[in-house]
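Just so we're aligned: 429 in this note's numbering is position 428 of the sequence shown, and the numbers increase by one with no gaps anywhere.
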Amino acid sequence: MNYLKQVLNIALLVLVSFVGIKPVQATNLPFEQIITPQQAKQDVAQWSQWLHSTHPDLKHSVADIDAFYLQLNTITAGITDDISVRELWARIAVLNSTLADGHLKVGHASTSQWRKWVSGGVGLFPFEVAIVNQQLYIKSNTGGTKSDYAKQQIKAINGVPYEQVMAQLLRRTHGDTDEFRQEVLARQFHRLFYLTFGYSEQFSITLVDEELTLAASKSMPQSMVERSFADTFHVEYAGESATLTVNSFSWPDFKQYLTFMDATFTQLKEKNIKHLVIDISNNGGGDDDFWMAGIMRYITDVPYRHFSHYRSKVLLKYRDPGQIVGEIESGENTRFIQPEPELANFFTGDVAVKIGAYTYSSAIVFANTLQDFSIAPLVGENTTGRSTQTGGIQFLNLTHSNLQMVSPRFILTRPNGELQMTGVKVVSL
Numbered sequence: 002m003n004y005l006k007q008v009l010n011i012a013l014l015v016l017v018s019f020v021g022i023k024p025v026q027a028t029n030l031p032f033e034q035i036i037t038p039q040q041a042k043q044d045v046a047q048w049s050q051w052l053h054s055t056h057p058d059l060k061h062s063v064a065d066i067d068a069f070y071l072q073l074n075t076i077t078a079g080i081t082d083d084i085s086v087r088e089l090w091a092r093i094a095v096l097n098s099t100l101a102d103g104h105l106k107v108g109h110a111s112t113s114q115w116r117k118w119v120s121g122g123v124g125l126f127p128f129e130v131a132i133v134n135q136q137l138y139i140k141s142n143t144g145g146t147k148s149d150y151a152k153q154q155i156k157a158i159n160g161v162p163y164e165q166v167m168a169q170l171l172r173r174t175h176g177d178t179d180e181f182r183q184e185v186l187a188r189q190f191h192r193l194f195y196l197t198f199g200y201s202e203q204f205s206i207t208l209v210d211e212e213l214t215l216a217a218s219k220s221m222p223q224s225m226v227e228r229s230f231a232d233t234f235h236v237e238y239a240g241e242s243a244t245l246t247v248n249s250f251s252w253p254d255f256k257q258y259l260t261f262m263d264a265t266f267t268q269l270k271e272k273n274i275k276h277l278v279i280d281i282s283n284n285g286g287g288d289d290d291f292w293m294a295g296i297m298r299y300i301t302d303v304p305y306r307h308f309s310h311y312r313s314k315v316l317l318k319y320r321d322p323g324q325i326v327g328e329i330e331s332g333e334n335t336r337f338i339q340p341e342p343e344l345a346n347f348f349t350g351d352v353a354v355k356i357g358a359y360t361y362s363s364a365i366v367f368a369n370t371l372q373d374f375s376i377a378p379l380v381g382e383n384t385t386g387r388s389t390q391t392g393g394i395q396f397l398n399l400t401h402s403n404l405q406m407v408s409p410r411f412i413l414t415r416p417n418g419e420l421q422m423t424g425v426k427v428v429s430l
């Protein structure tokens, strides 16, 4: 296919991607402020320059780098008129599925900002959803209260067939794989539907045997609710077994987390627990220090490293003496962390770690480490994110649109040295 045909085909894809998206006039709603084409193009150029000065290797996740640049150029050339920030996002965000990395995205706003908008009265889609094989199902009312329509399939929204809805949303969802993007979209459906299709005061929702007309929900979506410590970290006991649920490797008070974990492992010993399951199936990641200091020191009796090799872009704020900003450094991790079996509350029973489709980032690094050093078997479901993880995410708010862009600065290979571009696999029991 020659260059002209490629340009025409991508331009057609950009046009087709907006079928069913209704233009919204400038309002006080989020992302509906208008910017000029010059400002929009400056923002795209700013993002591109920053991305290339931050990311160590776009070809790590971008399958066809030439198609990416062609797509970016076509999108930029298509900006000829004044444009809302929301529409600018919708045009650029089709690159999210091309970038194919959960740490790399054309973003929008932080969860805390979305929380403020909803608290201020912005209405969103009225249901929490589940996505199975790209089909859309009602899970509950927005916010998690029980719905009379739970488990029913959504066939259309505002007259747009669900196939088109899903195609447009998944193109704009970030993530490593199609399967992982479905996991992300199910959790961020309210945001991504708003950004892609615009604000609706009411929704016409076609089910298999019924047509609903519902007002936009003013309830806080579950993905935006501030989680309590107990929601994020908790333990349950059943006889000689226990399940320790760790839904994040991040918390504002690291000391509070460490105190909880130390007390938990003390309880496990006092209760004479023989079998422990550590559930990270809904853990989207965080900081490796959380699992190293809060879990691993209590369960491993072998030295370990959490990655074997790295590639990293040298950024000014992280530069060490002798490093040149902008260069890519690579090397082997030769530092092994020593076990602490002498701890009074060291766990000597059986340990299994439950992973799932949404397990990601630092939680995948944890799973890699457990598997490669035979510290604990992995049970549950295979991850849909790659074993080889990026990290060290950086943020940029674009000058005119204020859209928040995200990029990693390093790539880590799992401890055994395998550059595994598929998910982490569970054991067969």
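Here a beta-carbon is modelled for each residue, glycine too, at the ideal position from N, C-alpha and C.
Bear in mind that the values here come from a model prediction, so they are computed numbers and not experimental data.
Which same chain residues end up closer than 7 Å to residue i when comparing Cβ atoms and leaving out the 5 residues on each side of it in sequence?
i	result
M225	T112, W115, R116 and V119
S375	none
T265	V236 and L245
A27	Below a pLDDT of 50, predicted positions are generally treated as unreliable, and A27, at 39, falls in that range; the measurement from the model is reported next regardless. Taken in chain order, the residues that qualify are E33, Q34, I35 and S85.
P1	Outside the shown range of the chain, which is 2 to 430, sits residue 1, and nothing can be said about it.
R415	F308, S309, N369, D373, S388, T389 and Q421
T267	N346
T77	K42 and V45
Between which two residues does the beta strand (DSSP E) harbouring residue i extend?
i	result
H310	H310 to K314
F128	F128 to V133
K156	I155 to I158
L397	Q395 to N398
So residue i and residue j are in contact, right, with Cβ under 8 Å, and what is the actual spacing, rounded?
i	j	result
R312	F411	6 Å
H307	D289	6 Å
F234	F261	6 Å
D44	S408	No, D44 and S408 are not in contact; Cβ-Cβ is about 15 Å, not under 8 Å.
T81	P38	6 Å
D177	G386	5 Å
M370	Q421	It should be noted that the sequence gives Thr, not Met, for residue 370. Not really, about 13 Å apart at Cβ, beyond 8 Å.
S249	I356	So it is not a contact: roughly 14 Å between Cβ atoms.
S148	L105	With a Cβ gap of about 34 Å, S148 and L105 do not count as contacting.
I139	K156	Their Cβ separation, rounded to whole angstroms, is 11 Å, which puts I139 and K156 out of contact at 8 Å.
H191	P162	With a Cβ gap of about 20 Å, H191 and P162 do not count as contacting.
F128	N142	6 Å
G124	A217	3 Å
T391	I365	Not a contact, Cβ separation roughly 11 Å.
In chain order, what residues of the same chain have a beta carbon less than 6 Å from the beta carbon of residue i, not counting five sequence neighbours either side?
i	result
A345	none
S98	R172
P378	A353 and V428
M406	W48, G108 and L397
Y238	none
S205	N159 and T214
K270	N346
Y359	E184 and N283
Looking at the secondary structure, which residues open and close the alpha helix (DSSP H) in which residue i lies?
i	result
L170	Y163 to R172
E88	V86 to I93
S98	N97 to L100
D290	D289 to W292
Between residue i and the rest of its own chain, which residues show a CB-CB distance below 8 Å, the 5 nearest in sequence each way excluded?
i	result
K275	E241, S242, G350 and D351
L317	V326
L193	L170, R173, T174 and L186
V380	V278, A353, V354, K355, I356, V427, V428 and L430
Per DSSP, what kind of secondary structure is residue i in: helix, strand or coil?
i	result
H109	coil
D280	strand
Q34	coil
M406	strand
Y319	helix
K275	coil
L71	helix
A141	Looking at the sequence itself, residue 141 is Ser, so the reference to Ala does not match. In the structure shown, S141 sits in a strand (DSSP, three-state: E or B).
I325	coil
I412	strand
S120	helix
M418	Strictly speaking, residue 418 in this sequence is Gly, with Met absent from that position. In this structure, G418 counts as coil in the three-state DSSP scheme.
A216	strand
Y305	strand
G295	helix
S54	helix
S49	helix
How about residue i: is its Cβ closer than 8 Å to a heavy atom in the ligand GTP?
i	result
D65	Looking at this structure, you won't find the ligand GTP or any other ligand, since it has none at all.
At a Cβ threshold of 9 Å, is residue i touching chain D?
i	result
H61	Structure shown: chain D not included; a single protein chain is present.
Exercise. Can you list the beta strand (DSSP E) stretches of 3 or more residues lying completely in the segment 221 to 270, in chain order?
Worked result: 234 to 239 and 242 to 247
For this session: Scan the segment 174 to 214 and note each continuous alpha helix (DSSP H) run of 4 residues or more that stays entirely inside, going in chain order.
Result: 179 to 188 and 190 to 198
Exercise. At which residue ranges does the segment 337 to 390 contain complete beta strand (DSSP E) runs of 3 or more residues, listed in the order of the chain?
Worked result: 351 to 356 and 379 to 381
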